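Numbering (the numbering used here), first residue to last: 65 to 277.
Below: one structure, written as structure tokens.
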């Protein structure tokens, strides 16, 4: 740190003035509706924001670009609330991290629900999960199970999906579909019976949904 000499000839530490934020002026102008400044600001933060998103969700995540775009939108919306208590880049990075973490939680939640959905379907047909060595076969079976749901009447498929895929309670399904709980139970029973019947009528389906080859 630099030193200066005071009136008594003693060396004193010199306080360094805070460095101006290189993006501060752009941020103020952008927040006040300057479109040119906004475009310049977004160009300046785009690469760091993308890096932050990649750090949270993984470089090879298929939705990195989408999350980065979501982060840019969030940054624009939050710009008016910026009070200069940190640098613009730090502010943008915090928004990127929060946005990416929220997106990651949503993705994991979707994946967990999908896994639970597949497991429940397999239990309904009293089958075992496919082994890792039969991934192609297992993928065909999962796709087929989803396709079978498309053949159900809409109210049955909707009820089955709410109950199994989303994990709603019987009462929650009833509330969501504006139906009595007993009606929900009936629809679930009919959906399961229809799926079983559809499988039993098709030898190919029986083979695919039966024991592993």
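All C-beta atoms, glycine included, are put in the ideal place defined by N, C-alpha and C.
Just so it is clear, the structure is predicted and the values come from calculations on it, not from any experiment.
Asked                                                                                                                                                      : Found
With a cut-off of 8 Å on the beta carbons, I'd call residue 163 and residue 134 a contact; round off their distance for me.                                : 6 Å
Quick one: residues in its chain with C-beta nearer than 6 Å to the C-beta of residue 257, no 5 flanking neighbours on either side, listed in chain order? : none
According to DSSP, is residue 96 helix, strand or coil?                                                                                                    : coil
Out of curiosity, what's the CA-to-CA distance linking residue 118 and residue 155?                                                                        : 17 Å
Assign residue 170 to one of three DSSP states: helix, strand, or coil.                                                                                    : helix
Could you please give the first and the last residue of the uninterrupted alpha helix (DSSP H) stretch that includes residue 143?                          : Careful: residue 143 lies outside any alpha helix (DSSP H) and carries neither H nor E.
Cα separation between residue 253 and residue 131?                                                                                                         : 40 Å
Report the rounded CA-to-CA distance for residue 245 versus residue 234, giving the unit in angstroms.                                                     : 6 Å
Do you know how far the Cα of residue 266 is from the Cα of residue 250?                                                                                   : 25 Å
Grouping DSSP H, G and I as helix and E and B as strand, with all else coil, what is residue 244?                                                          : coil
When the Cα atoms are used, what is the spatial distance from residue 166 to residue 160?                                                                  : 10 Å
How far does the alpha helix (DSSP H) with residue 218 in it reach, from first residue to last?                                                            : 218-224
With H, G and I counted as helix, E and B as strand and the rest as coil, what does DSSP make of residue 112?                                              : helix
Could you tell me the alpha carbon to alpha carbon distance between residue 223 and residue 122, rounded to whole angstroms?                               : 35 Å
Rounded to whole angstroms, what is the Cα-Cα separation between residue 247 and residue 171?                                                              : 32 Å
Return the residue from the list 98, 260, 93, 96 that minimises the CA-CA distance to residue 216.                                                         : 260
Distance check for residue 228 and residue 239, CA to CA, integer angstroms please.                                                                        : 16 Å
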